[in-house]
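Comments concern the structure below.
Residue numbers (this note's numbering): 419 to 684.
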């Protein structure tokens, strides 16, 4: 099995220059993601099945034992970045004119384990803070005590609870924006440039800061596609998951500029 090439030098934050993006580019990334999936359909199907299995498992746990949903979500948060990196490796190999391999995509993270571990830790901390903030919002919004998990959806959708729903959505949106900003191109940077997690996250935030409008559009596209894919028991993730994974690689390529001297040779 041929190992994926790794840069001889870790990425220097100053060497990773971010580009200004146009509003047409997110749609181009989607088209490129579709193209990559069509060029490696069996590998893409494998990852799609993994995403679908996670969605089915979360749905089953929510119905059977809702108190364990957060624990299962944490497990998915740990597994998700490694699956996504496999799709980045798929697109990278296609970009380099190399044959994509399932084994190589599954193991590409092993050469960046320290950086990946730090990034996952950041995601876990954000998830814990998110969960704690949500509990605080519940506690201050309901004088009669916290609603049970089983009745939560009925509780939050009542018209008289619109203030709670507004605050809860705002808090969730804030943490979702932080996660998106830290990670939108962080993992492709780790894979492609062997960067440390801090450099990758800082560069990702710089991309978002320079292109707020375009990144908001990209986040909205991701949200809508994932929401639509969850219909029919999440079966849409079979396609949407791999397409978004591959498209995210192209989002990285479009938004981060590497000096010619540091560009990898396939």
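By construction, the Cβ of each residue, glycine as well, lies at the ideal position given by its N, Cα and C atoms.
Values in this document were obtained by computation on a predicted structure and should not be read as measured data.
- Residue 613 counts as buried, since no fewer than 16 other beta carbons sit within 10 angstroms of its beta carbon.
- Residue 550 and residue 501 have their C-alpha atoms spaced approximately 27 Å apart.
- The bridge partners DSSP lists for residue 675 are 435.
- For the pair residue 662 and residue 451, the CB atoms are nearer than the 9 Å cut-off.
- If the five residues before and after residue 458 are omitted, its C-beta is found closer than 6 Å to the C-beta atoms of 508 and 518, all from its own chain and listed in chain order.
- In the DSSP annotation of this structure, residue 527 is not part of any alpha helix (DSSP H), being labelled neither H nor E.
- At the C-beta level, residue 618 and residue 630 stay beyond 9 Å of one another.
- Residue range 604–611 is occupied by the alpha helix (DSSP H) that includes residue 610.
- Following the DSSP letters along the chain, one finds residue 591 inside the alpha helix (DSSP H) bounded by residues 580–601.
- In this structure, residue 534 keeps its C-beta atom at 9 Å or more from the C-beta atom of residue 456.
- Between residue 610 and residue 465, the CB-CB gap reaches or exceeds 9 Å.
- Less than 9 Å divides the Cβ of residue 633 from the Cβ of residue 599.
- About 5 Å separates the beta carbon of residue 625 from that of residue 436, a gap short enough to meet the 8 Å contact definition.
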